[in-house]
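Here the structure comes first, spelled out in structure tokens, and everything after it is commentary.
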């Protein structure tokens with residue numbers, strides 16, 4: 111895992127987007143198309159603002175959704191589908207396809223089967239993601255399953271994860287935060303050729319330290335990225351502040 115420290119969120123977002131754009135363009139040049147994974151949350155705001163303005167032939171790009179709450183309609187302000195439709199898809203109308211996770215599907219097992227069949231048919235060129243305050247990767251909270259091969263799985267959200275979602279203002283009360291989600295699995299994320307992480311804010315500092323300087327452990331799920339050959343962790347001063355060489 112390569113770590114890059116930036117002065118602020120804007121610089122972090124610009125650098126993460128630029129890295130992703132280069133990889134997307136290279137994939138299109140090499141094979142005529144690209145497939146990407148997009149994450150949500152406050153950590154992705156600045157990166158997405160730059161990404162949507164990039165000179166990319168979006169008609170050759172397929173995007174996959176990282177995770178979604180079970181039972182939450184896309185009309186809810188916390189819906190990740192709503193987030194991505196408003197902040198990404200509406201800005202790049204020529205996108206070839208966006209494969210959304212329908213968290214409120216009537217049949218969750220059938221939705222998993224649909225998603226797993228779809229993503230298994232492509233190679234992911236770039237995964238854009240973040241790290242949670244509890245060091246989760248996607249919604250794989252500790253102790254995360256590092257072995258399951260299914261691309262998408264149902265996960266239980268721990269208290270720290272739910273508290274983060276409430277703290278960021280997505281829900282009115284902690285009890286409103288769903289207890290389960292459909293998440294991309296750890297092993298599926300690791301199949302991505304490039305992984306670009308945007309992780310701002312001091313509240314993520316301990317999670318960053320655990321992911322970068324700790325042992326690889328499912329108690330700190332993002333630490334598994336130490337084993338990936340092409341991962342870049344983009345930090346700002348706050349999120350880098352607990353690292354041994356924080357400067």
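Numbering (my numbering), first residue to last: 111 to 357. Cβ atoms here follow ideal geometry from the backbone N, Cα and C, with glycine treated the same way. Note that the structure is a prediction, hence the values are computed from the model and not measured.
Smallest Cα separation from residue i: which of the options?
{"i": "residue 159", "options": "178, 145, 200, 170", "result": "200"}
{"i": "residue 178", "options": "319, 215, 284, 330", "result": "215"}
{"i": "residue 278", "options": "153, 115, 146, 139", "result": "153"}
{"i": "residue 147", "options": "217, 175, 315", "result": "175"}
{"i": "residue 188", "options": "287, 293, 304", "result": "287"}
Just to confirm before moving on: does the CB-CB distance between residue i and residue j stay below 9 angstroms?
{"i": "residue 291", "j": "residue 213", "result": "yes"}
{"i": "residue 137", "j": "residue 129", "result": "no"}
{"i": "residue 302", "j": "residue 245", "result": "no"}
{"i": "residue 111", "j": "residue 275", "result": "no"}
{"i": "residue 173", "j": "residue 190", "result": "no"}
{"i": "residue 295", "j": "residue 252", "result": "no"}
{"i": "residue 117", "j": "residue 285", "result": "no"}
{"i": "residue 259", "j": "residue 224", "result": "no"}
{"i": "residue 149", "j": "residue 238", "result": "yes"}
Quick one: is residue i buried, meaning 16 or more other Cβ sit within 10 Å of its Cβ, or exposed?
{"i": "residue 272", "result": "buried"}
{"i": "residue 242", "result": "buried"}
{"i": "residue 308", "result": "buried"}
{"i": "residue 235", "result": "buried"}
{"i": "residue 306", "result": "buried"}
{"i": "residue 340", "result": "exposed"}
{"i": "residue 230", "result": "exposed"}
{"i": "residue 267", "result": "buried"}
{"i": "residue 330", "result": "buried"}
{"i": "residue 349", "result": "buried"}
{"i": "residue 293", "result": "buried"}
{"i": "residue 299", "result": "buried"}
{"i": "residue 317", "result": "buried"}
Name the DSSP beta bridge partners of residue i, please?
{"i": "residue 294", "result": "262"}
{"i": "residue 362", "result": "No answer is possible for residue 362: the residues shown for the chain start at 111 and end at 357."}
{"i": "residue 309", "result": "345"}
{"i": "residue 147", "result": "174, 237"}
{"i": "residue 193", "result": "Partner(s): none; residue 193 has no beta bridge."}
{"i": "residue 250", "result": "247"}
{"i": "residue 354", "result": "The partner list for residue 354 (beta bridge, DSSP) is empty, contrary to what the question assumes."}
{"i": "residue 304", "result": "236"}
Helix, strand or coil for residue i, going by three-state DSSP, please let me know.
{"i": "residue 327", "result": "strand"}
{"i": "residue 205", "result": "coil"}
{"i": "residue 267", "result": "coil"}
At least one CB of chain B closer than 9 angstroms to the CB of residue i: is that the case?
{"i": "residue 162", "result": "Protein chains in the displayed structure number just one, and chain B is not present."}
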